[in-house]
Structures are given as structure tokens and as C-alpha cells.
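Each residue of the sequence shown is one higher than the last, beginning at 29 in my numbering. See structure below.
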Amino acid sequence: MGRCPECGSWNSFEESVGKASGQKGRERADSFPTPLSSIQTKETLRLDSGTEEMNRVLGGGIMKGSVTLLAGEPGIGKSTLMLQLVAGVQSGGRTLYISGEESPAQIRLRADRLGIQSSRIEVYSETELSALLRVCENVKPVVVVLDSIQTVYSEDIGSVPGTVNQIKLCAQELIDWAKSRAAALFLVGHVTKEGYIAGPKVVEHMVDTVLYFDSGSAEIRILHCAKNRFGSVDEIGIFEMGERGLQQVDNPASVFLSHRVGEQPPGVAVAPVYEGSRILLVEIQSLAVPAKGGISRVFSERIDTARVSRMAAVLEKHLKVRFSDQDIYVNVGGGIRISEVGVDLPLCLSLYSARINQPIPPLTAIVGEISLAGEVHPVGYLDRRLKAVQEMGFSRLISPPPKEKKLQLPDFCFPVSSLAEAARSGFQP
Ligand code: TYD
Ligand code: MG
29 MGRCPECGSW NSFEESVGKA SGQKGRERAD SFPTPLSSIQ TKETLRLDSG TEEMNRVLGG
89 GIMKGSVTLL AGEPGIGKST LMLQLVAGVQ SGGRTLYISG EESPAQIRLR ADRLGIQSSR
149 IEVYSETELS ALLRVCENVK PVVVVLDSIQ TVYSEDIGSV PGTVNQIKLC AQELIDWAKS
209 RAAALFLVGH VTKEGYIAGP KVVEHMVDTV LYFDSGSAEI RILHCAKNRF GSVDEIGIFE
269 MGERGLQQVD NPASVFLSHR VGEQPPGVAV APVYEGSRIL LVEIQSLAVP AKGGISRVFS
329 ERIDTARVSR MAAVLEKHLK VRFSDQDIYV NVGGGIRISE VGVDLPLCLS LYSARINQPI
389 PPLTAIVGEI SLAGEVHPVG YLDRRLKAVQ EMGFSRLISP PPKEKKLQLP DFCFPVSSLA
449 EAARSGFQP
């Protein structure tokens with residue numbers, strides 16, 4: 029066309045050769061799939077992050093060329109975790125920490141406080157996308173952290189960072205860069221409980237891995253995985269925030285216990301739960317009070333409310349205690365979420381203990397799955413749970429019968445096969 033019908037200018041058209049439709053894929057000789065078994069895999073695709081807890085959550089280390097979103101509330105320790113990560117990562121390559129929130133001097137101060145060898149890390153303070161892509165291209169780091177995705181903007185779509193479009197576009201450009209260079213990219217994102225508009229949620233589907241950093245009790249921080257293309261999402265990482273940053277916890281099995289001496293209050297039950305690949309002892313706390321307005325409600329953030337309602341119904345039916353006129357509150361000490369089936373029985377006994385206002389005797393741990401018929405079903409890893417409970421100095425474990433009949437249970441194990449039996453056994457001193 030000589031003249032543009034849109035703007036009216038002459039000879040402004042340029043020729044560009046595209047693919048003819050219908051021909052796609054026909055001419056290429058290499059359009060054959062590869063037999064799965066002949067694909068080479070290299071274990072060297074993963075880097076050691078320098079901390080066991082981080083490696084565990086990521087599924088065995090940092091995958092090269094992967095993109096991870098680290099989300100959490102402001103002040104929880106995301107920047108600290110990331111700075112420790114770039115300092116600790118075991119690789120011959122360069123690591124880059126880009127901050128849009130802090131100046132290089134502030135980062136240096138933090139690194140000094142953490143006792144980090146600052147010579148190993150390269151830092152860059154910038155918020156404009158093309159500038160930080162250029163520095164990435166110059167440095168070619170193996171690991172790069174962007175703290176945070178909400179501070180970056182691309183001039184192509186205005187200069188206000190933090191809008192949905194900015195976050196999406198900047199994330200996509202950075203992801204494309206990381207994939208093309210096989211660099212591991214970590215994007216930090218802030219979430220706030222109330223009213224965040226353009227939170228990191230908008231990039232969750234674009235990244236390979238989504239990590240959430242949460243606070244447990246006091247200085248405990250829990251790293252959990254909401255999505256992982258390269259591993260399971262069941263593993264959690266446990267850290268403690270101290271004077272010199274985040275440290276791994278020496279004995280994670282017991283960090284969530286409140287270590288009471290003597291009697292425990294009604295409504296408290298201790299359970300050895302299987303989280304990720306290890307056993308953690310947690311304390312389940314329940315409270316039942318007459319329902320206001322006659323409608324029973326369940327308030328439970330750490331254990332699924334549907335599970336709590338189901339257990340209350342099972343208790344009402346099989347132990348003849350009323351829950352349908354009660355408001356039920358359930359919590360797990362230490363702020364950890366439990367979704368494992370083995371929590372059924374301890375949850376039941378905790379609810380029952382709260383309702384009849386009678387404590388479960390001290391040093392009693394409980395585990396088991398409950399059917400709607402009120403039977404106690406076996407759980408996996410009973411031997412490991414036993415070991416953990418014993419190591420923590422408990423004197424007995426109310427448990428399901430072992431999966432294999434022949435398995436000899438130690439003396440302090442009290443196998444029960446029904447909820448009624450568990451209620452009898454559990455409250456005996
Ligand atoms: P920070 O990593 O800045 O949080 P985020 O990036 O998620 O906003 O951590 C902030 C808090 O951590 C701050 O309250 C101070 C505390 N902190 C320590 O207790 N010890 C330390 O060694 C460091 C570096 C921080
Ligand atoms: Mg920060």
C-alpha cells in the first residue's frame with residue numbers, strides 16, 4: 029500500500045515476512061518428540077542455598093533458571109532472608125542483590141550486622157526496569173534477588189511503581205531474562221493483611237515457586253511453599269530471628285511446644301504431626317462456649333474449619349457431648365498450620381477436654397485419624413512419631429493400632445481403636 033489508511037502518510041509501510049498459516053510445523057525436520065528415557069538430567073541443575081531449611085523448602089536447593097516469589101508481611105524478615113541467601117549460596121558465579129527499598133549503605137549496614145562477608149555480594153539500588161535489566165546483563169549473576177517487585181517500574185507504562193500492570197510487566201521481563209540466562213531469580217513481594225491492591229498475588233501464576241514467610245510465636249519464622257514446580261509443597265522451613273539475622277532452629281521438633289510444667293489446662297492436647305518430611309510436636313488448644321444467638325460457629329485458622337466441624341459432629345454422635353449449641357475456637361500453638369490427618373484424634377480429645385472442662389494429664393501425646401463412625405485409623409510413620417515423642421520426654425502416646433499387627437509397640441504406647449476408648453485412655457493419669 030502506498031498510503032497509510034490510518035495516518036495518511038505516504039510510503040510508510042515496511043515489508044515483514046511472516047509464516048504462512050497452514051505451513052506451520054510441516055517443513056522442519058526436527059519436529060520429533062524425544063523418548064523420555066533418553067533425556068539427560070543433571071543434578072548440577074540445583075545450587076546449595078547455604079541453609080538446609082531453605083534447600084528443604086525449595087525441594088533440594090535452588091533450581092538454576094527458576095523464578096521464586098517470596099511473599100510476606102512488611103518487617104517479617106524477607107530482606108534479611110534474601111541477603112543471607114545471596115551470601116550463602118554455594119556456586120562459583122556472581123550473586124546480585126537489587127534493592128528498590130534500601131540504599132547500598134543501608135544494605136552494607138545490615139550485612140555487617142549479619143556478619144556477612146560483603147565482598148561476596150554485589151548490590152545495586154535501582155527501581156527502573158531497563159536499568160536493572162542492564163545491570164543483570166552486565167553481571168550475569170547465577171542468583172539475583174529483586175527486593176521488592178512492588179518498587180520496580182517500567183517507563184514504557186508510566187512511572188508509578190506498584191500498579192497491577194507495572195508488577196505484571198516488570199515481573200514478566202525479569203522472568204524472561206532469568207530464563208534466557210539460566211539465572212535463579214528471587215522476587216520479594218509485600219503482602220499486608222488489609223487492603224492490598226496490587227499484591228504479589230498477581231505474579232503467582234507466572235513464577236515457578238511461591239514461598240510465604242510467616243511469623244510463628246515470638247521470634248520463630250516459618251517459610252512455607254504455596255506452589256513449587258520443582259518439588260513438594262509440604263516442606264516447611266523453620267528459622268529464628270535473632271541479633272545476627274535468621275538462624276536455623278536446632279531442635280525443630282519441639283519449637284512449637286509451650287513446655288509447661290505440671291498440669292495443663294483443659295482443651296490442650298499435644299500431637300506429633302508429620303509436616304513435610306519431619307515430625308513436629310504441636311499443641312492444639314480448643315475452647316467451647318455457649319453459642320451466642322443459638323447458632324454454633326467454628327473459629328479456626330490453623331486447622332481447616334471443616335475438619336473441626338466434622339470432629340465436633342463425631343464427638344457429639346459417639347461420645348454424647350453437645351457441640352451443636354457451642355461456639356468453637358481452635359488454635360495451634362506457635363502459629364503453624366496443620367493439615368495432616370493424624371491431627372484428628374488429638375483435635376477430638378482437645379475439644380472433648382475443653383467441653384467437659386477436664387485436662388488431659390501431662391506428658392501425654394496423641395495421634396490418629398478418625399472416621400465418621402468414630403473409629404481410630406492408623407497413621408503413617410508411627411515409629412518415627414513414637415521416637416520423637418519419646419525423645420521429648422513424654423511418658424505416653426495415645427495412638428491408633430499399628431498398621432501391621434505384628435509390630436511390637438513399646439510400653440508407653442497406648443493403642444486405641446475407637447474414639448470412646450481414646451477418651452477413656454486419654455484422661456487416665
Ligand atoms: P527485614 O528483613 O527488613 O523485613 P522485611 O524485608 O520483610 O520487611 O527485617 C525486619 C525486622 O527484622 C526488623 O524488625 C529488625 C529485625 N532484625 C533482627 O531482629 N535481627 C537482625 O539481624 C536483622 C537484620 C533484622
Ligand atoms: Mg525488606
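Glycine included, each C-beta is placed from N, C-alpha and C at the ideal position. Predicted model only: the values in this text are computed from it and were never measured.
Can you tell me whether Thr123 is buried or exposed, with buried defined as 16 or more other CB within 10 angstroms of its CB?
Taking the first residue of the sequence shown as position 1, residue 123 is located at position 95. Buried, since its Cβ has 16 or more Cβ neighbours within 10 Å.
Per the contact definition of three or more C-beta pairs closer than 8 Å, is the segment 350 to 365 in contact with the segment 397 to 417?
Counting C-beta pairs closer than 8 Å gives fewer than three between the segment 397 to 417 and the segment 350 to 365, which falls short of the contact rule.
Between Val444 and Val371, what straight-line distance do the alpha-carbon atoms span, to the nearest angstrom?
Counting from 1 along the sequence shown, the entry for residue 444 is found at position 416. Counting from 1 along the sequence shown, the entry for residue 371 is found at position 343. A direct Cα-Cα distance of roughly 15 Å separates Val444 from Val371.
Do you know whose CA, among Ser367, Asp262, Leu285, Glu344, lies nearest Thr333's CA?
As a working note, residue 333 is residue 305 in the sequence shown. When each option's Cα is compared against that of Thr333, the closest is Ser367.
Using the rule of at least 16 other Cβ atoms within 10 Å of the residue's Cβ for burial, across every protein chain shown, is Ile323 buried or exposed?
For the purposes of this step, residue 323 is identified with residue 295 of the sequence shown, where counting begins at 1. Exposed: under 16 other Cβ atoms inside 10 Å.
Output the distance between the C-alpha atoms of Val404 and Val336, rounded to the nearest integer angstrom.
Along the sequence shown, one-based indexing puts residue 404 at 376. Along the sequence shown, one-based indexing puts residue 336 at 308. Spanning the alpha carbons of Val404 and Val336 requires a straight line of approximately 16 Å.
With distance defined between alpha-carbon atoms, name the residue in Ala99, Val172, Ala382 nearest to Ala211.
One-based indexing of the sequence shown puts residue 211 at position 183. If you compare the alpha carbons of Ala99, Val172, Ala382 with that of Ala211, the shortest gap goes to Val172.
If you measure from the CB of Val151, is any heavy atom of ligand 2 nearer than 8 Å?
To locate residue 151, count along the sequence shown from 1; it is residue 123. No, Cβ of Val151 sits at least 8 Å from all heavy atoms of ligand 2.
Any heavy atom of ligand 2 closer than 8 Å to the beta-carbon of Val114?
As a working mapping, residue 114 is identified with position 86 in the sequence shown. Checking every heavy atom of ligand 2 against the Cβ of Val114, none is found closer than 8 Å.
What does DSSP give as the partner residues of Ile149 in its beta bridges?
Walking along the sequence shown from the start, residue 149 turns up at place 121. For Ile149, the pairing in a beta bridge is given by DSSP as Thr123.
When the Cβ atoms of the segment 119 to 135 are set against those of the segment 98 to 111, are three or more pairs found closer than 8 Å?
Because the criterion of three Cβ pairs below 8 Å is met, the segment 119 to 135 and the segment 98 to 111 touch.
Put Leu391 into one of helix, strand or coil per three-state DSSP.
The residue you call residue 391 lines up with position 363 of the sequence shown. Leu391 falls in the coil class under three-state DSSP.
Can the beta-carbon of Gly84 be found less than 9 Å from the beta-carbon of Ser305?
Mapped onto the sequence shown, residue 84 falls at position 56. Mapped onto the sequence shown, residue 305 falls at position 277. According to the sequence displayed, residue 84 carries Arg and not Gly. Going by C-beta atoms, Arg84 is nearer than 9 Å to Ser305.
Is Asp242 near ligand 1, judged by its Cβ being under 8 Å from some heavy atom?
Reading the sequence shown from its first residue, position 214 is the one you call residue 242. At a cut-off of 8 Å, the beta-carbon of Asp242 does not count as near ligand 1: no heavy atom of the ligand is closer than that.
May I ask you to list the residues that DSSP assigns as paired with Asn359?
On the sequence shown, position 331 is the one that residue 359 refers to. Answer is Gln313, bridged to Asn359.
Taking 8 Å as the cut-off, is the CB of Arg136 close to at least one heavy atom of ligand 1?
Counted from its first residue, the sequence shown places residue 136 at position 108. Answer for Arg136: no, Cβ out of range of ligand 1.
Which residue from Leu437, Phe422, Arg424 puts its Cα closest to that of Asp411?
By one-based count along the sequence shown, residue 411 stands at place 383. Among Leu437, Phe422, Arg424, the Cα nearest to that of Asp411 is on Leu437.
Closer than 6 Å by C-beta to Gly223: which residues in its own chain qualify, once you throw out the five before and the five after it? Chain order, please.
Indexing the sequence shown from 1 puts residue 223 at position 195. In this prediction, Gly223 scores a pLDDT of 46, lower than 50, which makes its location untrustworthy; no coordinate-derived value is stated.
Along the chain, where does the beta strand (DSSP E) containing His252 start, and where does it finish?
Counted from its first residue, the sequence shown places residue 252 at position 224. His252: member of the beta strand (DSSP E) spanning 248 to 256, first to last residue.
Contacting residues, own chain, Cβ-Cβ under 6 Å from Pro132 (five flanking each side not counted)
For the purposes of this step, residue 132 is taken as residue 104 along the sequence shown, with counting starting at 1. If we look at Pro132 and ignore the five residues flanking it on each side, its Cβ neighbours are Val151, Ser153.
Quick one: which unbroken alpha helix (DSSP H) runs of 4-plus residues sit fully inside the segment 166 to 203? Chain order, please.
Listed in chain order, nothing qualifies, since the segment 166 to 203 has no complete alpha helix (DSSP H) run of 4 or more residues.
Spell out a yes or no on whether the segment 132 to 142 and the segment 87 to 95 are touching, meaning 3 or more CB-CB pairs, one atom from each, closer than 8 Å.
Counting Cβ pairs under 8 Å, fewer than three are found: no touch.
For the beta strand (DSSP E) that contains Thr96, what are its first and last residues?
The residue given as residue 96 occupies position 68 in the sequence shown. Here the beta strand (DSSP E) through Thr96 covers 95 to 100.
Return yes when the C-beta of Val180 is under 8 Å from any heavy atom of ligand 1, and no when it is not.
Taking the sequence shown and counting its residues from 1, the one referred to as residue 180 is at position 152. Taking non-hydrogen atoms of ligand 1 into account, the C-beta of Val180 is found less than 8 Å away from none of them.
Ile364 beta carbon less than 9 Å from that of Val298
Position 270 of the sequence shown holds residue 298. Position 336 of the sequence shown holds residue 364. For Val298 and Ile364, no; Cβs fall outside 9 Å.
Would you call the CB atoms of Ala471 and Tyr240 closer than 9 Å?
Because the chain in this structure spans residues 29 to 457, residue 471 falls outside the shown range and cannot be described.
DSSP has Pro300 in a bridge; who is on the other side?
Here the question's residue 300 lines up with position 272 in the sequence shown. DSSP lists Leu309 as the bridge partner or partners of Pro300.
Since Ala316 contacts Arg383 with CB under 8 Å, what's their CB separation in whole angstroms?
Along the sequence shown, read from residue 1 onward, the residue named residue 316 stands at position 288. Along the sequence shown, read from residue 1 onward, the residue named residue 383 stands at position 355. With a Cβ gap of about 5 Å, Ala316 and Arg383 count as contacting.
Per the DSSP calculation, Tyr12 is bridged to which residue(s)?
Look at the range of the chain in this structure, 29 to 457, and you will see that residue 12 is not part of it.
Mind listing, in chain order, the continuous beta strand (DSSP E) runs of no fewer than 3 residues lying wholly within the segment 430 to 457?
For the beta strand (DSSP E) assignment, the uninterrupted runs of no fewer than 3 residues enclosed by the segment 430 to 457 are, from N- to C-terminal side, 441 to 443.
CA-CA distance, Ser381 and Phe267?
If you number the sequence shown from 1, residue 381 lands on position 353. If you number the sequence shown from 1, residue 267 lands on position 239. Cα to Cα, the separation comes out at about 32 Å.
Nearest by alpha-carbon distance to Glu419: which of Asn279, Cys198, Leu215 is it?
In the sequence shown, the residue the question calls residue 419 occupies position 391. The shortest Cα separation from Glu419 among Asn279, Cys198, Leu215 belongs to Asn279.
Residues near Leu174 by beta carbon distance below 6 Å, same chain, minus five either side:
Your numbering for residue 174 matches position 146 in the sequence shown. The residues are Ile126, Leu215.
Ligand 1 and Gly295: does any heavy atom of the ligand fall closer than 8 Å to the residue's C-beta?
Taking the first residue of the sequence shown as 1, we reach residue 295 at position 267. The answer is no for Gly295.
Pro102 Cβ short of 8 Å to ligand 2 heavy atom set:
Position 74 of the sequence shown, counted from the start, is the residue given in the question as residue 102. Checking the Cβ of Pro102 against ligand 2 gives yes.
When you compare the CB positions of Leu197 and Ile185, do they come within less than 9 Å of one another, or not?
By one-based count along the sequence shown, residue 197 stands at place 169. By one-based count along the sequence shown, residue 185 stands at place 157. Contact: yes.
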